[in-house]
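Below you'll find the structure, written out as structure tokens, and then a few comments.
Residue numbers (our numbering): 20 to 203.
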């Protein structure tokens, strides 16, 4: 049985079985974003129910984690009504500010058919950028995009390179997927 592979977001429930059982669960996490983005903006984002103006101001002022928090809130419908277009707007702003996490999350949105038109080519570009910026999940997603031809031509060499990079960045799933791919 050929492994099943798919695009993942940064707060996905990860379960490894004999066959890769990876599904899209676009739960984007502020905690991971804060951890990864430490040093750029820190994690002093005050965002709670009713505090959207403050988060908006912080995002507009360049606090990347505030943009990610708002993107997450709108993407998941937590604290805000679910609004994928708004989520994409905030993730785009953070991605433009070189947030690898936001680039990956925006890529996930572009693979879904939930509120905005799917754009596999844009998703692949965002995953590639996320990988270049050093997020293992972006590398995993780019590797799977290359392997499955999602927005790019099927390219096992590209997939192997991206999965190897995910492994180098510390992803045990990336290491396993890379080993499995080169064994095929």
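Beta carbons: idealized from backbone N, C-alpha and C, even for Gly.
Given residue i, which residues of its chain have a CB within under 6 Å of its CB, disregarding the five upstream and five downstream residues?
| i | result |
| --- | --- |
| residue 161 | 146, 147, 150 and 181 |
| residue 196 | 182 |
| residue 19 | With the chain represented from 20 up to 203, any question about residue 19 goes unanswered, as that position is not in the structure. |
| residue 176 | none |
| residue 140 | 170 |
| residue 114 | 121, 122 and 125 |
| residue 105 | 93 |
Under a Cβ-count criterion, where at least 16 other Cβ atoms within 10 Å of its own Cβ denotes burial, should residue i be classed as buried or exposed?
| i | result |
| --- | --- |
| residue 184 | buried |
| residue 144 | buried |
| residue 96 | exposed |
| residue 88 | buried |
| residue 189 | exposed |
| residue 128 | buried |
| residue 168 | exposed |
In chain order, what residues of the same chain lie with their CB nearer than 8 Å to the CB of residue i, ignoring the 5 residues before and after it?
| i | result |
| --- | --- |
| residue 133 | 103 |
Helix, strand or coil: which one does DSSP assign to residue i?
| i | result |
| --- | --- |
| residue 102 | coil |
| residue 149 | helix |
| residue 190 | coil |
| residue 73 | helix |
| residue 137 | coil |
| residue 117 | coil |
| residue 83 | helix |
| residue 154 | coil |
| residue 203 | coil |
| residue 131 | coil |
| residue 162 | helix |
| residue 96 | coil |
Which residues in the same chain as residue i place their Cβ atom closer than 7 Å to its Cβ, once the five residues preceding and following it in sequence are excluded?
| i | result |
| --- | --- |
| residue 186 | 193, 194 and 197 |
Exercise. Is the segment 151-170 touching the segment 117-134, taking contact as three or more C-beta pairs under 8 Å?
Worked result: Touching, yes.
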